[in-house]
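Here the structure is laid out as C-alpha coordinates; the discussion comes afterwards.
Numbering (my numbering), first residue to last: 26 to 334.
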(Lines of atoms letter the chains of each structure in order from A; the text may use other names.)
(Lines give C-alpha, C1' and ligand atoms only; values in the text may rest on other atoms or scores of the structure.)
Protein backbone atom coordinates (compact mmCIF):
# COMPACT_ATOMS: atom_id res chain seq x y z
CA UNK A 26 0.00 0.00 0.00
CA UNK A 27 1.41 3.36 -1.06
CA UNK A 28 1.95 6.09 1.54
CA UNK A 29 -0.10 9.23 0.85
CA UNK A 30 1.74 12.49 1.43
CA UNK A 31 -1.25 14.77 2.01
CA UNK A 32 0.91 17.85 2.42
CA UNK A 33 2.43 17.28 -1.02
CA UNK A 34 -1.02 16.66 -2.50
CA UNK A 35 -2.17 20.15 -1.42
CA UNK A 36 1.21 21.77 -2.02
CA UNK A 37 1.59 23.04 1.56
CA UNK A 38 4.27 22.69 4.21
CA UNK A 39 3.85 20.48 7.26
CA UNK A 40 3.50 23.54 9.49
CA UNK A 41 0.80 25.11 7.28
CA UNK A 42 -2.11 26.72 9.11
CA UNK A 43 -5.68 25.52 8.64
CA UNK A 44 -6.41 28.67 6.63
CA UNK A 45 -3.40 27.97 4.36
CA UNK A 46 -4.73 24.45 3.82
CA UNK A 47 -8.23 25.71 3.02
CA UNK A 48 -6.85 28.27 0.59
CA UNK A 49 -4.76 25.63 -1.22
CA UNK A 50 -7.72 23.24 -1.28
CA UNK A 51 -10.10 25.79 -2.80
CA UNK A 52 -7.62 26.64 -5.54
CA UNK A 53 -6.97 22.99 -6.47
CA UNK A 54 -10.62 21.94 -6.14
CA UNK A 55 -11.66 24.62 -8.63
CA UNK A 56 -8.96 23.46 -11.04
CA UNK A 57 -9.75 19.73 -10.91
CA UNK A 58 -13.52 19.78 -10.27
CA UNK A 59 -15.30 17.20 -12.49
CA UNK A 60 -17.61 19.88 -13.88
CA UNK A 61 -14.58 21.77 -15.13
CA UNK A 62 -13.00 18.58 -16.50
CA UNK A 63 -15.85 16.43 -17.88
CA UNK A 64 -14.96 12.86 -18.84
CA UNK A 65 -11.43 13.32 -17.49
CA UNK A 66 -10.62 10.36 -15.26
CA UNK A 67 -7.22 11.73 -14.31
CA UNK A 68 -8.74 15.02 -13.09
CA UNK A 69 -11.46 13.10 -11.23
CA UNK A 70 -8.89 10.99 -9.38
CA UNK A 71 -6.85 14.10 -8.61
CA UNK A 72 -10.00 15.78 -7.27
CA UNK A 73 -10.69 12.83 -4.96
CA UNK A 74 -7.08 12.87 -3.77
CA UNK A 75 -7.30 16.59 -3.00
CA UNK A 76 -10.50 16.11 -0.98
CA UNK A 77 -9.00 13.17 0.88
CA UNK A 78 -6.03 15.30 1.90
CA UNK A 79 -8.34 18.11 2.94
CA UNK A 80 -10.44 15.72 5.02
CA UNK A 81 -7.40 14.68 7.05
CA UNK A 82 -5.45 17.92 7.36
CA UNK A 83 -8.39 20.08 8.45
CA UNK A 84 -9.40 17.66 11.20
CA UNK A 85 -7.06 18.41 14.15
CA UNK A 86 -7.28 14.88 15.56
CA UNK A 87 -6.77 13.12 12.24
CA UNK A 88 -3.95 15.46 11.29
CA UNK A 89 -2.14 14.92 14.57
CA UNK A 90 -2.30 11.15 14.28
CA UNK A 91 -1.43 11.24 10.59
CA UNK A 92 1.69 13.24 11.45
CA UNK A 93 2.58 10.65 14.08
CA UNK A 94 2.22 7.87 11.52
CA UNK A 95 4.30 9.63 8.86
CA UNK A 96 7.64 9.29 10.62
CA UNK A 97 6.98 5.62 11.42
CA UNK A 98 5.51 4.50 8.10
CA UNK A 99 8.35 2.15 7.11
CA UNK A 100 8.10 0.37 10.44
CA UNK A 101 4.35 0.06 9.99
CA UNK A 102 4.93 -1.46 6.52
CA UNK A 103 7.45 -3.92 7.95
CA UNK A 104 4.70 -5.10 10.29
CA UNK A 105 2.71 -5.99 7.18
CA UNK A 106 0.34 -3.06 7.52
CA UNK A 107 -1.36 -4.92 10.34
CA UNK A 108 -1.77 -2.83 13.49
CA UNK A 109 -2.04 -5.91 15.67
CA UNK A 110 1.45 -6.95 14.56
CA UNK A 111 3.09 -3.61 15.20
CA UNK A 112 4.36 -2.38 18.55
CA UNK A 113 2.59 0.97 18.79
CA UNK A 114 4.20 1.61 22.16
CA UNK A 115 7.43 2.42 20.33
CA UNK A 116 5.77 5.61 19.09
CA UNK A 117 5.41 6.97 22.57
CA UNK A 118 8.16 5.27 24.61
CA UNK A 119 9.42 7.51 27.37
CA UNK A 120 12.66 7.43 29.32
CA UNK A 121 13.54 4.08 30.94
CA UNK A 122 10.63 2.43 29.12
CA UNK A 123 8.00 4.45 31.00
CA UNK A 124 4.68 4.43 29.14
CA UNK A 125 3.34 7.91 28.34
CA UNK A 126 0.75 6.96 25.72
CA UNK A 127 -2.75 5.60 25.27
CA UNK A 128 -2.76 2.09 23.87
CA UNK A 129 -4.93 1.36 20.83
CA UNK A 130 -5.70 -2.08 19.48
CA UNK A 131 -7.21 -1.02 16.14
CA UNK A 132 -6.17 1.66 13.69
CA UNK A 133 -9.82 2.57 13.16
CA UNK A 134 -10.07 3.39 16.86
CA UNK A 135 -6.81 5.30 16.66
CA UNK A 136 -7.75 7.52 13.73
CA UNK A 137 -11.54 7.48 13.69
CA UNK A 138 -13.77 6.13 10.95
CA UNK A 139 -13.37 7.08 7.32
CA UNK A 140 -14.75 5.86 4.02
CA UNK A 141 -14.99 6.39 0.33
CA UNK A 142 -11.33 7.34 -0.11
CA UNK A 143 -8.11 5.54 -1.05
CA UNK A 144 -6.91 2.22 0.34
CA UNK A 145 -4.39 4.18 2.38
CA UNK A 146 -7.14 6.27 3.96
CA UNK A 147 -9.40 3.26 4.52
CA UNK A 148 -6.65 1.20 6.12
CA UNK A 149 -5.41 3.99 8.36
CA UNK A 150 -8.58 5.88 9.18
CA UNK A 151 -11.01 2.99 9.07
CA UNK A 152 -13.19 1.29 6.48
CA UNK A 153 -10.43 -0.82 4.85
CA UNK A 154 -10.73 -4.00 6.97
CA UNK A 155 -13.44 -6.58 7.47
CA UNK A 156 -16.04 -5.51 10.00
CA UNK A 157 -15.23 -1.81 9.84
CA UNK A 158 -17.73 0.98 9.35
CA UNK A 159 -19.74 1.08 6.15
CA UNK A 160 -18.13 3.27 3.52
CA UNK A 161 -19.67 6.67 2.91
CA UNK A 162 -19.99 8.17 -0.55
CA UNK A 163 -17.76 11.15 -1.24
CA UNK A 164 -19.61 14.42 -1.73
CA UNK A 165 -18.47 17.94 -2.58
CA UNK A 166 -20.27 21.25 -2.87
CA UNK A 167 -20.45 22.71 -6.37
CA UNK A 168 -18.35 25.74 -7.27
CA UNK A 169 -19.88 29.22 -7.26
CA UNK A 170 -20.08 30.96 -10.65
CA UNK A 171 -19.65 34.69 -11.26
CA UNK A 172 -21.32 36.28 -14.29
CA UNK A 173 -20.43 39.89 -15.17
CA UNK A 174 -23.41 42.09 -16.04
CA UNK A 175 -23.35 45.69 -17.29
CA UNK A 176 -26.34 47.95 -16.68
CA UNK A 177 -27.16 51.63 -17.17
CA UNK A 178 -27.48 54.16 -14.37
CA UNK A 179 -31.20 54.35 -15.06
CA UNK A 180 -31.46 50.55 -14.60
CA UNK A 181 -29.50 50.83 -11.36
CA UNK A 182 -31.97 53.52 -10.25
CA UNK A 183 -35.20 51.71 -11.06
CA UNK A 184 -34.00 48.08 -10.83
CA UNK A 185 -34.00 45.78 -13.81
CA UNK A 186 -34.16 42.15 -14.97
CA UNK A 187 -31.60 40.06 -16.81
CA UNK A 188 -32.29 36.82 -18.68
CA UNK A 189 -29.50 34.23 -18.43
CA UNK A 190 -29.18 30.85 -20.11
CA UNK A 191 -27.29 28.25 -18.09
CA UNK A 192 -27.29 24.43 -18.12
CA UNK A 193 -30.17 24.39 -20.57
CA UNK A 194 -32.19 26.56 -18.22
CA UNK A 195 -33.54 30.05 -18.68
CA UNK A 196 -33.03 32.20 -15.59
CA UNK A 197 -34.79 35.49 -15.00
CA UNK A 198 -32.78 37.40 -12.41
CA UNK A 199 -34.00 40.59 -10.78
CA UNK A 200 -31.38 43.27 -10.15
CA UNK A 201 -32.59 45.43 -7.24
CA UNK A 202 -32.60 49.25 -7.25
CA UNK A 203 -29.50 50.88 -5.79
CA UNK A 204 -26.83 48.46 -7.03
CA UNK A 205 -23.49 49.95 -8.01
CA UNK A 206 -20.31 48.77 -9.67
CA UNK A 207 -19.01 45.79 -7.70
CA UNK A 208 -22.40 44.77 -6.28
CA UNK A 209 -23.04 41.01 -6.40
CA UNK A 210 -26.55 39.63 -6.88
CA UNK A 211 -26.81 36.05 -5.54
CA UNK A 212 -28.96 33.38 -7.15
CA UNK A 213 -28.88 30.45 -4.74
CA UNK A 214 -28.28 26.97 -6.12
CA UNK A 215 -27.63 28.04 -9.72
CA UNK A 216 -23.86 27.53 -9.73
CA UNK A 217 -22.04 24.36 -10.70
CA UNK A 218 -23.59 21.05 -9.73
CA UNK A 219 -22.34 19.32 -6.61
CA UNK A 220 -20.32 16.11 -6.79
CA UNK A 221 -21.62 12.86 -5.38
CA UNK A 222 -24.91 14.39 -4.30
CA UNK A 223 -23.36 17.51 -2.77
CA UNK A 224 -25.34 20.72 -2.91
CA UNK A 225 -24.85 22.99 -5.94
CA UNK A 226 -22.95 26.24 -5.77
CA UNK A 227 -24.48 29.68 -6.24
CA UNK A 228 -24.60 32.04 -9.20
CA UNK A 229 -23.47 35.62 -8.63
CA UNK A 230 -24.17 38.48 -11.02
CA UNK A 231 -21.26 40.93 -10.68
CA UNK A 232 -22.58 44.37 -11.55
CA UNK A 233 -20.88 47.12 -13.54
CA UNK A 234 -22.83 50.38 -13.91
CA UNK A 235 -21.94 52.25 -17.08
CA UNK A 236 -20.80 55.86 -16.89
CA UNK A 237 -23.56 58.40 -17.51
CA UNK A 238 -23.17 61.43 -19.80
CA UNK A 239 -24.86 63.77 -17.27
CA UNK A 240 -24.48 62.39 -13.75
CA UNK A 241 -21.45 61.36 -11.69
CA UNK A 242 -22.20 58.96 -8.87
CA UNK A 243 -20.68 58.71 -5.41
CA UNK A 244 -22.51 56.13 -3.33
CA UNK A 245 -26.17 57.15 -3.26
CA UNK A 246 -25.42 60.77 -4.23
CA UNK A 247 -25.34 62.17 -7.77
CA UNK A 248 -23.41 65.17 -9.10
CA UNK A 249 -23.98 67.17 -12.26
CA UNK A 250 -23.15 70.46 -13.96
CA UNK A 251 -26.15 72.44 -15.15
CA UNK A 252 -26.05 75.37 -17.61
CA UNK A 253 -28.03 78.52 -16.66
CA UNK A 254 -28.46 81.54 -18.90
CA UNK A 255 -26.46 84.61 -17.93
CA UNK A 256 -29.50 86.77 -17.27
CA UNK A 257 -30.98 84.34 -14.73
CA UNK A 258 -27.60 84.04 -13.00
CA UNK A 259 -27.47 87.85 -12.70
CA UNK A 260 -31.11 88.74 -12.07
CA UNK A 261 -32.36 85.54 -10.43
CA UNK A 262 -35.16 83.26 -11.51
CA UNK A 263 -35.85 79.57 -12.07
CA UNK A 264 -34.24 76.86 -14.15
CA UNK A 265 -35.40 73.30 -14.84
CA UNK A 266 -33.03 70.52 -13.76
CA UNK A 267 -33.32 66.97 -15.18
CA UNK A 268 -33.28 64.23 -12.52
CA UNK A 269 -33.78 60.47 -12.70
CA UNK A 270 -37.27 61.00 -11.25
CA UNK A 271 -38.18 63.72 -13.72
CA UNK A 272 -37.62 67.44 -14.21
CA UNK A 273 -37.41 69.64 -11.10
CA UNK A 274 -37.57 73.47 -10.83
CA UNK A 275 -34.55 75.05 -9.15
CA UNK A 276 -34.69 78.62 -7.86
CA UNK A 277 -31.61 80.71 -8.72
CA UNK A 278 -31.00 83.72 -6.43
CA UNK A 279 -29.85 87.03 -8.00
CA UNK A 280 -26.12 87.44 -8.56
CA UNK A 281 -25.39 83.72 -8.38
CA UNK A 282 -21.71 83.07 -9.06
CA UNK A 283 -20.45 80.48 -11.51
CA UNK A 284 -19.71 77.13 -9.86
CA UNK A 285 -22.20 77.49 -7.01
CA UNK A 286 -23.58 74.11 -5.94
CA UNK A 287 -27.22 73.52 -5.04
CA UNK A 288 -28.42 70.43 -3.17
CA UNK A 289 -31.66 68.72 -4.23
CA UNK A 290 -32.60 66.39 -1.37
CA UNK A 291 -33.86 62.94 -2.26
CA UNK A 292 -33.04 63.28 -5.96
CA UNK A 293 -30.08 60.88 -5.89
CA UNK A 294 -29.91 57.09 -6.06
CA UNK A 295 -31.96 54.71 -3.89
CA UNK A 296 -30.08 53.00 -1.07
CA UNK A 297 -29.53 49.31 -1.86
CA UNK A 298 -30.46 48.16 1.65
CA UNK A 299 -33.42 50.52 1.90
CA UNK A 300 -34.73 51.46 -1.58
CA UNK A 301 -37.36 53.79 -0.11
CA UNK A 302 -34.57 56.17 0.93
CA UNK A 303 -32.62 58.21 -1.61
CA UNK A 304 -29.38 60.10 -1.75
CA UNK A 305 -29.15 63.71 -2.93
CA UNK A 306 -28.42 65.42 -6.24
CA UNK A 307 -25.76 68.14 -6.21
CA UNK A 308 -26.14 70.66 -9.04
CA UNK A 309 -23.26 72.94 -9.98
CA UNK A 310 -24.51 75.87 -12.08
CA UNK A 311 -22.45 77.44 -14.86
CA UNK A 312 -23.51 80.54 -16.87
CA UNK A 313 -24.12 80.29 -20.56
CA UNK A 314 -22.62 83.27 -22.39
CA UNK A 315 -25.03 84.48 -25.11
CA UNK A 316 -23.79 84.37 -28.69
CA UNK A 317 -24.86 86.03 -31.94
CA UNK A 318 -25.61 89.29 -30.12
CA UNK A 319 -27.37 92.01 -32.05
CA UNK A 320 -25.88 95.49 -32.34
CA UNK A 321 -28.44 96.76 -29.85
CA UNK A 322 -27.53 94.04 -27.31
CA UNK A 323 -23.83 94.80 -27.70
CA UNK A 324 -24.50 98.47 -27.08
CA UNK A 325 -26.44 97.67 -23.91
CA UNK A 326 -23.55 95.53 -22.63
CA UNK A 327 -21.17 98.42 -23.32
CA UNK A 328 -23.40 100.74 -21.33
CA UNK A 329 -23.52 98.24 -18.47
CA UNK A 330 -19.74 97.90 -18.55
CA UNK A 331 -19.38 101.69 -18.41
CA UNK A 332 -21.67 101.85 -15.37
CA UNK A 333 -19.54 99.22 -13.60
CA UNK A 334 -16.24 100.94 -14.43
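Glycine included, every Cβ here is placed at the ideal spot set by N, Cα and C.
This structure is a prediction, so every number in the text was calculated from the model and none was measured.
>> By the DSSP assignment, the beta strand (DSSP E) with residue 48 in it spans what residues?
In response: Counting along the chain, residue 48 falls outside any beta strand (DSSP E), though it belongs to the alpha helix (DSSP H) covering 43 to 57.
>> Check whether the region 199 to 207 and the region 174 to 181 are in contact - that is, three or more C-beta pairs closer than 8 angstroms.
In response: Short answer: they touch.
>> With three or more C-beta pairs closer than 8 angstroms as the rule, is the region 167 to 175 touching the region 227 to 244?
In response: Because the criterion of three Cβ pairs below 8 angstroms is met, the region 227 to 244 and the region 167 to 175 touch.
> Assuming residue 68 contacts residue 76 under a Cβ cut-off of 8 angstroms, what Cβ separation, rounded to an integer in Å, is found between them?
Replying inline: Contact flag wrong, Cβ pair sits at about 13 angstroms.
>> The beta strand (DSSP E) that contains residue 233, what's its start and end?
In response: Start and end: 228 to 234.
> Based on the DSSP output, what are the partners of residue 200 in its beta bridges?
Replying inline: BP columns for residue 200 point to 185.
> Going by beta carbon distance, what residues of the same chain come within less than 6 angstroms of residue 82, once the five residues before and after it are set aside?
Replying inline: Excluding positions up to five away in sequence, the list reads 31, 46, 88.
> What did DSSP end up calling residue 295 once you bin it into helix, strand or coil?
Replying inline: Looking at residue 295 - three-state DSSP - the assignment turns out to be strand.
> Taking C-alpha atoms, which residue in 298, 80, 33, 216 lies nearest to residue 208?
Replying inline: Nearest in C-alpha terms to residue 208, of all of 298, 80, 33, 216, is 298.
> Taking the Cβ atom as the reference point for each residue, do residue 291 and residue 271 lie within a distance shorter than 9 angstroms?
Replying inline: Note that the C-beta distance between residue 291 and residue 271 is not below 9 angstroms.
> With respect to the alpha helix (DSSP H) encompassing residue 260, which residues constitute its N-terminal and C-terminal limits?
Replying inline: 255 to 260 is the extent of the alpha helix (DSSP H) around residue 260.
>> Residues in the same chain with beta-carbon distance under 8 angstroms from residue 284, minus the five sequence neighbours each way, listed in chain order, please.
In response: Excluding residues up to 5 positions away in sequence, 309, 310, 311 lie with their Cβ nearer than 8 angstroms to the Cβ of residue 284 in the same chain.
> What separation, rounded to the nearest whole angstrom, lies between the Cα atoms of residue 85 and residue 242?
Replying inline: Roughly 49 angstroms separates the two Cα atoms.
> Any idea if residue 56 is buried or exposed, counting beta-carbon neighbours within 10 angstroms, 16 or more meaning buried?
Replying inline: By the 16-neighbour rule on beta-carbons within 10 angstroms, residue 56 is exposed.
> So, residue 204 versus residue 212, is the Cβ gap smaller than 9 angstroms?
Replying inline: Not a contact, by the Cβ cut-off of 9 angstroms.
> Which value, in whole angstroms, describes the spacing of the CA atoms of residue 256 and residue 206?
Replying inline: Distance from the CA atom of residue 256 to the CA atom of residue 206, rounded to whole angstroms, is 40 angstroms.
> Thinking just about the alpha-carbon of each residue, which of 185, 219, 258, 254 is nearest to the one in residue 166?
Replying inline: That would be 219, whose Cα lies nearest to the Cα of residue 166.
>> Taking the beta carbon of residue 265 as the centre, do at least 16 other beta carbons fall within 10 Å, making it buried, or is it exposed?
In response: Sixteen is the threshold: since fewer than 16 other Cβ atoms of the shown chains lie within 10 Å of the Cβ of residue 265, the residue is exposed.
> Near residue 239, what residues of its chain come up, given a Cβ to Cβ distance below 6 angstroms and the 5 sequence neighbours on each side ignored?
Replying inline: These residues qualify, in order along the chain: 249.
>> On the CB-based measure, 16 or more other CB atoms within 10 Å of its CB, does residue 286 come out buried or exposed?
In response: Under this definition residue 286 is an exposed residue.
> Got a sec, what are the start and stop residues for the beta strand (DSSP E) residue 170 sits in?
Replying inline: According to the DSSP assignment, residue 170 belongs to the beta strand (DSSP E) that extends over 170 to 176.
> Just the Cα atoms here: how many angstroms apart are residue 334 and residue 294?
Replying inline: Distance between the alpha carbons of residue 334 and residue 294: 47 angstroms.
> So, is residue 323 buried or exposed, given that buried needs 16 or more other C-beta atoms within 10 angstroms?
Replying inline: Residue environment for residue 323: exposed (fewer than 16 other C-beta atoms within 10 angstroms of its C-beta).
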